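Reviewing the structure listed below.
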Ligand code: ADP
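Residue numbers (this note's numbering): 21 to 248.
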């Protein structure tokens, strides 16, 4: 079963790609942003605390994040054994604590997908989304701030997971079908998914990057499972 972390700056497509991947695999989709927005919409005290951060594009403190996300991850463990973590972890302390949590629940992640696109493309996608969805944090100033927060707090996780040999970097500055095909190929090559009907898929394109395991000469499938 796939246990995937989607790591990407705002606007790179982690929601989009998380959604089809969960439909295709039966894993649970756990969206940090959606869970936070639901808490805000509920109007709870916790939701009011969360909104003070999300409105500005600042990260919500780790304690609040864990309080909101932990029940969803535990439910995923019970119901499906797999997950697509969309927007979590976003800081090194979150990643380290999640690794411990994953080990305790025997729910360690086995893949990290890092989605990229040029910065101006990210901004323009988010401004388009603002017109469609009217999300409170999709204004130009807050978008720029979220991108800066990503560069400072979240980008270091790329090297952390890359060095563990479980990172796939994919450009999303191209047709969605190509991104999907590359992602499925990679998951299949790592034994995390069965080939879809054993057939080649439309939109197939060459893989952008596979980072080989950093240690020894074992095959990928023999690699120890990384922990989130
Ligand atoms: P985006 O990636 O476009 O910023 P999300 O819906 O994933 O959108 O997140 C929206 C906001 O929720 C973030 O700007 C941040 O304030 C908060 N948030 C989401 N995930 C986390 C997290 N793991 N840690 C802290 N804050 C988070």
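Each residue gets a CB set at the ideal place from its N, CA and C atoms; glycine is no exception. These figures come from a predicted structure and were not determined experimentally.
Please identify the residue among the options whose C-alpha is closest to the C-alpha of residue i.
i           : options            : result
residue 82  : 54, 57, 114        : 114
residue 180 : 94, 153, 116, 150  : 116
residue 121 : 133, 146, 87       : 87
residue 197 : 28, 169, 36        : 36
residue 94  : 60, 160, 118       : 118
residue 108 : 194, 28, 70, 163   : 28
residue 185 : 194, 206, 193      : 206
residue 89  : 57, 177, 133, 77   : 57
residue 112 : 169, 42, 44, 204   : 169
residue 73  : 100, 25, 156, 26   : 156
residue 171 : 195, 158, 110, 154 : 110
Under 8 Å by Cβ, that's how I've got residue i and residue j pegged, so tell me the actual separation to the nearest angstrom.
i           : j           : result
residue 102 : residue 213 : Contact flag wrong, Cβ pair sits at about 10 Å.
residue 328 : residue 104 : No answer is possible for residue 328: the residues shown for the chain start at 21 and end at 248.
residue 75  : residue 67  : Actually they are not in contact, since the Cβ atoms of residue 75 and residue 67 sit about 12 Å apart, beyond 8 Å.
residue 162 : residue 77  : 4 Å
Looking at residue j and residue i, is the spacing between their C-beta atoms short of 8 Å?
i           : j           : result
residue 123 : residue 210 : no
residue 55  : residue 97  : no
residue 129 : residue 39  : no
residue 31  : residue 142 : yes
residue 79  : residue 173 : yes
residue 193 : residue 150 : no
residue 190 : residue 127 : no
residue 106 : residue 52  : yes
residue 187 : residue 199 : no
residue 160 : residue 147 : yes
residue 133 : residue 203 : yes
Nearer than 7 Å: is that true of the beta carbon of residue i relative to any heavy atom of the ligand ADP?
i           : result
residue 39  : no
residue 193 : no
residue 80  : yes
residue 56  : yes
residue 74  : yes
residue 110 : yes
residue 85  : yes
residue 153 : no
residue 52  : yes
residue 99  : no
residue 107 : yes
residue 166 : yes
residue 30  : yes
residue 120 : no
residue 77  : yes
residue 114 : yes
residue 157 : yes
Regarding residue i and the ligand GTP, is the C-beta to nearest heavy atom distance less than 7 Å?
i           : result
residue 137 : By its list of ligands, the structure shown excludes the ligand GTP, since it contains just the ligand ADP.
3 or more residues per run - each beta strand (DSSP E) lying fully within the region 104 to 153: 131 to 136
Continuous beta strand (DSSP E) assignments of at least 3 residues falling wholly in the region 163 to 198: 187 to 191
Entirely enclosed alpha helix (DSSP H) segments - the region 56 to 102, minimum 4 residues: 65 to 74, 82 to 99
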